[in-house]
Amino acid sequence: MSDTKDSNGTVLADGDSVTLIKDLKVKGTSETLKRGTLVKNIRLTGKPDEIECNTKKVKGLVLKTAFLKKA
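Residues in the sequence shown are numbered from 1 upward in steps of one, following UniProt numbering.
Written as structure tokens, this is what we have:
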């Protein structure tokens, strides 16, 4: 399995904090996660281009690593 990396190529690990580099609409809700939002305690998935996380408003969110940078 290849490493999970953020948009800058930095390797991510379980429990890391990441920052969004783009406003993202959350499918199925009216929520938009704003650029610069800090997401703490991420979980890696089986896919190297995705992570799981929880935000204050949305639980069980899956984000593409292309829109993240390590905090």
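Where is the CB? At the ideal position from N, CA and C, for every residue including glycine.
Checklist entry - With 16 as the cutoff for other CB atoms within 10 Å, does residue 38 come out buried or exposed? => result exposed
* To do: Alpha carbon to alpha carbon, how far is residue 28 from residue 65? Give it in angstroms, no decimals.
  => 20 Å
*Might you give, ordered along the chain, the residues of its own chain that have their beta carbon closer than 8 Å to the beta carbon of residue 23, omitting 5 neighbours on each side?*
32, 33, 34, 35
*Tell me the DSSP bridge mates of residue 51?*
44, 63
Checklist line | Boundaries (first-last residue) of the beta strand (DSSP E) holding residue 34 | finding: Neither: residue 34 is in no beta strand (DSSP E) and is coded neither H nor E.
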